[in-house]
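One structure is given here, and the rest of the page talks about it.
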Amino acid sequence: MDIIRESRRPILLRPQKSDSSEMNQYLGDGSAEGADDVVGYRIWQATAAVRAWAKAQRDHDKRRPTCPELVRASAREEKTMGLVTAEKLVCDRCGYGSSSQKFYDEIKRDGPGGRTPVINMAAQLALADCPMAVSSSGFRQMMATMDLPVPSEPALQNLANKYSDIMEEENEKNIKRWIQVMKRVKALKGYKPDSPIRGQADTRYHTPLGNLSGRKPGQPSDSNDATFVEEVTTRNKVIAYHLKVKTCRLCTIYRGHGLEPPPHKCSANTLPQAPIGNEEESGEKMARDLLESNVRASASGLGSHHRWRQSNFQRDGQGAKAESRSRVKHRFANDLVQRLNAEHEAALAQLGMRTRHGVERAMDKAMQAIPHCYAGNHDWCLEYSLVCRHPSRWRFHKINAEARGQINPNPSDCKLLRGAMEMRLGKKALELTRHFANTNKAESVNRQISKSAPKNITHFHTLAGRLASALHSSNNGTGHSVVMKRLAAGIPLSPKSKAVRVLEKMRERQDYKRSYKKEPANKKRENANIMEKFEVYDECRERGTYKSAEVAKPSKGTRESPRKRAREDGTDHGYSRG
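Following full-length UniProt numbering, the numbering of the sequence shown begins with 1 at its first residue and continues without gaps.
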């Protein structure tokens, strides 16, 4: 028994974590580094670090006048506060040790309690608008890669919640300021104070509404955000928005265990069973907010009827057959969009916006001529079309050269094509787009929101703050918005900071790009480049490419009565109809 006990591994009452790891073979030497040396990089405020070091060195020389050594930072005494550290300066020869020195600035606050380091709040400001900040783990990975202090996930989340509340309040103030600016511009243009303004509205969903169409019970999207953009100023500012959220992390955890959640600030403002696609509710909420600011709006965009027709058309057009997904149909759809827009623009230019019934009659005639035009018969175009007339005819740039004038739709295709044209040139569509406006700016804002709140991550507490941060950047520009956000967070930039010049350059560059894209010459070059790419694509496609469908597959035989797939109309659940 004694031999067995001696041969066994000794029992450790207090086991310690082994220093060996699978990563050791990929690490550096480290023999020149002492056990108490500060290794890696640190983020220090320049003035605070220099003054603290000089103060400690003078104190060391005063207490130990015979010691010639310089003080250094001690790794054992280092205190980490998120991205920054407080260091204790020591001397190896005489044993001198200073008090803990903060190498960072703190946000001033009233009352007792800890103060937040400036760089930690500034990091939250930057992360709210950066796509890399999809989660705290991504930011921690970046810090670890650069060998910087890695903040903990709870610390990042707590500070993100704090900044989210600050950003919501700042964005509300900023929107009210832009509303007053819009009113002054409106008065300078000669409009009456109580006259409605033109605008555009659009809604962004966390996930597409058709994801759960005809499948299992569930929510098509757990959140959506609607924005309203005015068209009085040249920059088209966001003056109203509404966020609908169905999820709350704390409620989900408690209800998952069959418990009632305690009183808390719930991030959900919509019932789980409520239809998330009810855009009229969001429009009414934004309208009430505008009326409180004495603003009457007339939005031009897509109504609920048009969206219902469009969703049905897209569901029918998805198609299970290969020919419905062919490149010819996609190219035809792209060309048809340009053709319908061109007919509408020509009607407004020739007849004017006030002749409503005249525009409706002209568009009805154009819809009768377009199918014959794509088939190669231009006899109808001479009398009914406004853009395809002799000697100038529609050139069908988006369609393959061999397919131009050779598209012969059958009666079923003509019926589907008529429905597609009605979505753009029908009476109801013309009524909705009577101001000849579009939703380009609103869709641009949605893309900017997707950068701050990516759709692959579900944000609970900070979604409203990220939305407010994106809208603030859209209204004020990136550079100007950063300066305003830092002031609102209590960390204003110094006038002598180099970052101010960089932000000014960013603002100038952004304004230049915006003006450059609006130049007619640039638009002409972009269209020419697109046409050139289509020609190159057609030429390369004619040479032949490998297709997996052409590979012979073993035949499994044919069934006498093949099963027909039932159509999914998406009406199985009430909350998937919105």
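Glycine included, C-beta positions come from ideal geometry on N, C-alpha and C. The model shown is predicted, which means the values in this text are computed figures rather than measured ones.
Please work out which residues of its chain come closer than 8 Å, Cβ to Cβ, to residue i, disregarding the five sequence neighbours upstream and downstream, and give them in chain order.
i    : result
R507 : G477, T478, G479, H480
P117 : M81, G82, L83, V84, Y104, D105, E106, I107
W380 : Q368, A369, H372, C373
V387 : R339, A342, E343, A346, W394
H459 : A453, R466
Using only alpha-carbon positions, find the residue among the options that is nearest to residue i.
i    : options                : result
I179 : Q200, K189, V232       : V232
L417 : L336, K533, P261, P495 : L336
P262 : L250, H242, I197       : L250
C67  : S74, C94, E260         : C94
P454 : R525, H206, M143, A160 : H206
K365 : A375, L351, E383       : E383
I457 : P149, S137, I197       : S137
H264 : T252, P272, I175, A488 : T252
V39  : G114, G28, Q45         : G28
K451 : A429, A128, N408       : A128
E77  : K485, K428, A35, Y26   : A35
H330 : N527, V71, F534, K162  : F534
Q273 : R72, K176, K246        : K246
R177 : F460, K79, N527, L290  : L290
V295 : A54, I119, P193, A528  : P193
S485 : S152, E422, R424, H472 : For the sequence presented, residue 485 should be read as Lys rather than Ser. Of S152, E422, R424, H472, the residue nearest in Cα terms is H472.
Does the distance from the CB of residue i to the CB of residue j come in under 9 Å?
i    : j    : result
K237 : N224 : no
C248 : S221 : no
K441 : V185 : no
G490 : M121 : yes
K88  : A48  : no
A56  : S98  : yes
T462 : A160 : yes
R63  : L148 : no
L156 : F139 : yes
L209 : I276 : yes
A73  : K79  : no
Y96  : D59  : yes
N408 : A429 : no
Quick check: is the beta carbon of residue i nearer than 9 Å to any beta carbon in chain C?
i    : result
G114 : Absent from the structure: chain C. Only one protein chain is present.
Along the chain, where does the beta strand (DSSP E) that runs through residue i open and close?
i           : result
D202        : 197–205
F228        : 223–230
residue 643 : No answer is possible for residue 643: it lies beyond the span of the chain, which begins at 1 and ends at 578.
H242        : 238–245
DSSP state of residue i, grouped into three classes?
i    : result
G317 : Annotation note: pLDDT 38 at G317 (below 50); position unreliable, coordinate value reported separately. Residue state, collapsed to three classes: helix.
Q273 : coil
A86  : strand
P220 : coil
Q141 : helix
N446 : helix
R72  : strand
E33  : coil
P117 : strand
A297 : strand
E260 : coil
G479 : helix
K102 : strand
A429 : helix
Where do the ends of the alpha helix (DSSP H) carrying residue i lie?
i    : result
A46  : 46–63
K415 : 411–425
K251 : Reading off the sequence shown, one finds Cys at residue 251, where the question assumed Lys. Counting along the chain, the alpha helix (DSSP H) containing C251 begins and ends at 249–256.
K513 : 498–518
H472 : 463–476
Q157 : 153–188
V359 : 356–374
R288 : 279–292
Y384 : 381–384
Give every residue of the same chain whose Cβ lies closer than 6 Å to the Cβ of residue i, excluding the five residues on either side of it in the sequence, and list them in chain order.
i    : result
G30  : none
T227 : V238, Y241, A442, V445
V500 : L493
E69  : C91, R93
E170 : A488
N527 : none
R315 : Unreliable positioning characterises R315 in this predicted model, as indicated by a pLDDT of 38, which lies under 50. The coordinate reading is nonetheless provided below. Contacts found: none.
What does a CB cutoff of less than 7 Å around residue i pick up in its chain, not counting 5 residues either side in sequence?
i    : result
D110 : none
S474 : V238, V445, Q448
A464 : S164, E168, L243
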